[in-house]
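Here's the structure we're looking at; comments come further down.
Number of protein chains: 2
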Amino acid sequence: MQIKSFFFVQQMKAAESKYCKCMYFSSNALARKIEKLAQESWKVVDLNPSHAYLLMLAIEQPGIQPTALVEQLLLAPSTITRLLEKLEEKKLVIRTNEGKTTSVYPTPKGKQLKSQLDKCLEHFYISYSTILGKDDSARLVQSMNKVTDKLRS
Amino acid sequence: MQIKSFFFVQQMKAAESKYCKCMYFSSNALARKIEKLAQESWKVVDLNPSHAYLLMLAIEQPGIQPTALVEQLLLAPSTITRLLEKLEEKKLVIRTNEGKTTSVYPTPKGKQLKSQLDKCLEHFYISYSTILGKDDSARLVQSMNKVTDKLRS
DNA sequence: AGATTTTATTTGCATATACAAATATATTTT
DNA sequence: AAAATATATTTGTATATGCAAATAAAATCT
């Protein structure tokens, strides 16, 4: 039962998978693994990484508008709205409307998280660069960004 | 209104974003862009890329079991179940149970899609490698896979 | 052989994300 | 000024994904 144990007991490496040469497969698999790692890092503030990133932006650019968040986080407008709803529920940000624009401000409770958020970011950075090496991970990040920019439609 | 137009009209490049140096950000942004590109490629068979990949595996390895699909697609078991449910609804695969194991077979209707599926894969490959260059994209895929494997916990 | 543990799969539930349409406001055109 | 267009944001809806628990069967241990 060698074949069976190969398939079942051991986890297949991404590089061995039949479709490993395909960017869909690789980028998604990588993103999922990183997502998990990131969730660990931000667990202490009870926030999903996306929410945490948004909060960090709101703290550093108080009054920032959803459109700007869309640009900076490369997420869809509706996604930003949903993230904001959750952060507002948790009393970490508030939205003020004036005309058609909305401004997002951190609440005092949100601002208080700043140092913890910084620590989470640091923790996350360390956790992947220890596994992957600082240089390698920096290079990978750079080339992923380059590719993302090229794919701008 | 130069600043305004910068923020609002032009989309910010991933490499300019405040958190671009972070792997969470880059890997997710890339995966989302690639996802979109892939969806385009598989639209003609009315399948999401994940479903398409699973179907391709079922065609090439008839009788394949969910566990093997988990290994090869690096997805959670429950996700595989859900993908299978949908493919079964569409009468593209069938599941047979024997004891605790399940075997997945393509239906005739599923098998008929093979050549179209191959074309979709080809189309997708061409669409990203024209934008990114064959060598660059191959290199990127390779390093993403390497990283994914290292992150195996 | 019966009890315990391991393995395979599914279900219930939660969540992030996006598209398309709706809404509301601002800007431009005529 | 009124009409048309553009911009900003939200809502309704759909979907992929995962975790944890449930179920069920097989394998192992005693």
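In order, the protein sequence lines correspond to chains A and B. Per our numbering, residue 1 is the first one in the first sequence, and the count goes up by one each step. Per our numbering, residue 1 is the first one in the second sequence, and the count goes up by one each step. Glycine included, every Cβ here is placed at the ideal spot set by N, Cα and C. Since the model is a prediction, treat every value here as computed from it, not as a measurement.
CA nearest to the CA of residue i, picked from the options
i: P108 (chain B); options: B:K43, B:T81, B:N48, B:A58; result: B:A58
i: S50 (chain A); options: A:E60, A:I80, A:T101, A:Y125; result: A:I80
i: Q72 (chain B); options: A:D135, A:L140, A:A29; result: A:A29
i: L84 (chain B); options: B:G99, B:E98, B:A52; result: B:A52
Local conformation of residue i per DSSP, three classes
i: P49 (chain A); result: helix
i: T107 (chain A); result: coil
i: S5 (chain A); result: With a pLDDT of 32 at S5 (chain A), under the threshold of 50, the modelled position of this residue cannot be trusted; read the value that follows with caution. Helix at S5 (chain A).
i: R139 (chain A); result: helix
i: R95 (chain B); result: strand
i: N145 (chain A); result: helix
Assumed close pair residue i, residue j - CB separation to whole angstroms, cut-off 8 Å
i: Y128 (chain A); j: S137 (chain A); result: 6 Å
i: L55 (chain B); j: V93 (chain B); result: 7 Å
i: V147 (chain A); j: L140 (chain B); result: 6 Å
Rounded straight-line distance, which links the Cα of residue j to that of residue i
i: L74 (chain B); j: A31 (chain B); result: 15 Å
i: V62 (chain B); j: P62 (chain A); result: The question names Val, but residue 62 (chain B) in the sequence shown is Pro. For P62 (chain B) and P62 (chain A), the distance between alpha carbons rounds to 56 Å.
i: L69 (chain B); j: S143 (chain B); result: 23 Å
i: K90 (chain A); j: T101 (chain A); result: 22 Å
i: P77 (chain A); j: Q65 (chain A); result: 11 Å
i: R82 (chain B); j: P106 (chain B); result: 16 Å
i: I34 (chain A); j: T96 (chain B); result: 35 Å
i: T67 (chain B); j: K36 (chain A); result: 21 Å
i: K86 (chain A); j: G110 (chain A); result: 13 Å
i: I131 (chain A); j: L113 (chain B); result: 41 Å
i: V9 (chain B); j: D149 (chain A); result: The pLDDT assigned to V9 (chain B) is 34, lower than 50, so where the model puts this residue is not dependable; a value taken from the coordinates is nonetheless given after this. Using only the alpha carbons, I get a separation of about 16 Å.
i: N48 (chain A); j: D46 (chain B); result: 32 Å
i: N145 (chain B); j: R152 (chain A); result: 23 Å
i: D135 (chain A); j: E88 (chain B); result: 45 Å
i: D118 (chain B); j: E98 (chain B); result: 31 Å
i: F124 (chain B); j: G133 (chain A); result: 31 Å
i: E60 (chain B); j: E60 (chain A); result: 52 Å
i: I126 (chain A); j: I126 (chain B); result: 36 Å
heavy atom of the ligand FAD below 7 Å from residue i C-beta
i: K150 (chain B); result: Ligands are entirely absent from the displayed structure, and the ligand FAD is therefore not among its contents.
Between the region 33-45 of chain A and the region 23-41 of chain B, are three or more C-beta pairs nearer than 8 Å? Put simply, the region 33-45 of chain A touches the region 23-41 of chain B. At least three CB pairs are less than 8 Å apart.
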